[in-house]
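Undergrad: Count the sequence shown with mature numbering (1 follows the signal peptide of the UniProt record, and there is no 0) and you get residues -20 to -1, 1 to 319, in order. Idealized CB from N, CA, C, for every residue including glycine. Can you keep this structure in mind? I'll have questions shortly.
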Amino acid sequence: MKELLCGVLAATFLCSIVVSSPSSHHQGPKLHRSNRQMRQVPKPPNHSKKSVNTGLSSTNLNVNGIAVGFLPALSEPIQPNTPLDINNRIGAPMSVMGSYIQLYAKDTNLVEVDWQLPTYRQLVGWPVWEIAMMPVEGLEKVTPEIANNIARKMQMLNAQGITVWLRFAHEMNGDWYPWGQKPALFLEKWRLVTSAVRSVAPKTLMLWAPNSGFGKGNDALLGGYARYWPGDEWVDMIGLSFYHYGGLERVNVLPAPTEAQDTIKEFAKLYGSKNHDRPVVLAETAAAYTRSLDGRPAPGTANERDIKLAWMSQLLSRSMAEAVPELKAIVWVGKRSII
């Protein structure tokens, strides 16, 4: 990781990485559950025009003003690449730690959050915790009680000083998740969860995060996102899942010179400062290196390191920072140590 990031700096002449040096790992107070009464579905406050405090620390890892976070393997016995592993490799505290939480109706206490919290506590610098809250049983199961359970858990994290970006039902415009491509139901449940969270968890920001490039018919003009947009008052931040895959053929080639900037700039134009005045983040990103089932590399002319280096260089370039000033952070998916 350190070699890759240093390669980005050397290859693109970027500004310095800012590193904090706290004397010890922070420790939050013990877990607790609040007895505060939850409101069911209050009317949202007017969030249509506001200055959003993202919770990002300027002394954590950033390049050209773009914060750098990671969505790593929280536990992987064969090739461990935990958040602490990554911090140790790059010699800097990540700005964002990403993770996935599976939401089940019977799991009223969201125990996966408790399981992952010790991993977060190992990190210095108080990174933002970007949580992809996944309604794996379908949006139909997200009741007011479930929304309140989510809100209580976010309240607990906020009380410990942790800023959360809550990426509820992410990539809702795709067809690979149980909650996907159900725009009316998504909007209903998004607003339900947002109301509950905002009532008790002020340091939890609702991160609306579709997948890039899905649009047909009437949606095509707005990138396939329009039917899933909840409205300005229901969204704190704008995110996107966006990967380099080497085209439909999945060949191992370097990204086109402006591949990253073209898509991110268009997305920011639609939902960033011009139209909705929200900060933009890449909630998930990486560059794929494709292999066949027997482990052989797919056709192509580039090796894995060069592909990933080129993609990260584009994302963190000075050109990107100038072209998309709304872009506040990228979260790199790094489940293998080469990433």
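Might you give, ordered along the chain, the residues of its own chain that have their beta carbon closer than 8 Å to the beta carbon of Val260, omitting 5 neighbours on each side?
TA: Once the five neighbours on either side are set aside, the close Cβ partners of Val260 are Met217, Ile218, Gly219, Leu220, Ile244, Phe247, Ala248, Tyr251, Gly252, Val304, Glu306, Leu307, Lys308.
Undergrad: Please report how far the alpha carbon of Arg271 lies from the alpha carbon of Ala282, in whole angstroms.
TA: Rounded to whole angstroms, Arg271 to Ala282 spans 13 Å at the Cα level.
Undergrad: With DSSP as the reference, label Gln161 as helix, strand or coil.
TA: In the structure shown, Gln161 sits in coil (DSSP, three-state: anything other than H, G, I, E or B).
Undergrad: Pull up the distance between the alpha-carbon of Ala112 and that of Leu185, whole angstroms please.
TA: If you take the alpha carbons of Ala112 and Leu185, they lie about 12 Å apart.
Undergrad: Put Pro174 into one of helix, strand or coil per three-state DSSP.
TA: Contrary to the premise, residue 174 reads as Thr rather than Pro in this sequence. Reduced to three states, the DSSP call for Thr174 is helix.
Undergrad: Just tell me which of Gly204, Ser192, Leu187, Ala290 has its CA closest to the CA of Leu234.
TA: With distances taken between Cα atoms, Leu234 lies closest to Ala290.
Undergrad: Could you check where the alpha helix (DSSP H) with Trp291 kicks off and where it finishes?
TA: Counting along the chain, the alpha helix (DSSP H) containing Trp291 begins and ends at 284 to 295.
Undergrad: When you compare the CB positions of Thr313 and Thr265, do they come within less than 8 Å of one another, or not?
TA: Rather than Thr, the amino acid found at residue 313 in this sequence is Val. Yes, they are a contact pair.
Undergrad: Can the beta-carbon of Arg171 be found less than 8 Å from the beta-carbon of Ala263?
TA: No.
Undergrad: Note the first and the last residue of the continuous alpha helix (DSSP H) segment covering residue 323.
TA: With the chain covering only -20 through 319, there is no way to say anything about residue 323.
Undergrad: Need the endpoints of the beta strand (DSSP E) that residue 327 sits in, please.
TA: The question about residue 327 has no answer, for the chain in this structure spans -20 to 319.
Undergrad: Taking just the CA atoms, how far does Met152 sit from Asn128?
TA: Taking the straight line from one Cα to the other gives about 21 Å.
Undergrad: Name, in chain order, the residues that DSSP records as bridge partners for Ser253.
TA: Paired residue(s): none; Ser253 is not in a bridge.
Undergrad: Bridge partners for His224 per DSSP, in chain order?
TA: Ala267, per the DSSP bridge assignment.
Undergrad: I'd like the list of long-range same chain contacts for Thr143, defined as Cβ closer than 6 Å, with 5 residues on each side in sequence excluded.
TA: Closer than 6 Å at Cβ, skipping near neighbours: Gly35, Val108, Lys183.
Undergrad: Could you check the C-alpha separation between Pro98 and Glu92 for me, to the nearest Å?
TA: Between Pro98 and Glu92, the C-alpha separation is close to 11 Å.
Undergrad: Report the rounded CA-to-CA distance for Val104 versus Val180, giving the unit in angstroms.
TA: Spanning the two alpha carbons is a distance of roughly 26 Å.
Undergrad: At 3 residues or longer, and completely inside the stretch 65 to 94: list those beta strand (DSSP E) runs for me, N to C.
TA: With a minimum length of 3 residues, the continuous beta strand (DSSP E) runs that stay inside the stretch 65 to 94 are 76 to 82.
Undergrad: Would you kindly check if the distance between the Cβ of Leu119 and the Cβ of Ala149 is under 8 Å?
TA: Result yes, Cβ atoms of Ala149 and Leu119 sit closer than 8 Å.
Undergrad: In whole angstroms, give me the CA-to-CA distance for Ser192 and Gly154.
TA: Rounded to whole angstroms, Ser192 to Gly154 spans 9 Å at the Cα level.
Undergrad: Decide if Lys133 is buried, meaning its Cβ has at least 16 other Cβ atoms within 10 Å, or exposed.
TA: Classification for Lys133: buried.
Undergrad: In its own chain, which residues sit with a C-beta less than 6 Å from the C-beta of Gln161, not counting the 5 before and 5 after it?
TA: Taken in chain order, the residues that qualify are Asp155.
Undergrad: Which term fits Tyr225, buried or exposed, when burial requires 16 or more other beta carbons within 10 angstroms of its beta carbon?
TA: So Tyr225 counts as exposed.
Undergrad: Could you check the C-alpha separation between Ala301 and Val215 for me, to the nearest Å?
TA: Cα to Cα, the separation comes out at about 23 Å.
Undergrad: For the beta strand (DSSP E) that contains Ala47, what are its first and last residues?
TA: Unbroken beta strand (DSSP E) run through Ala47: 46 to 52.
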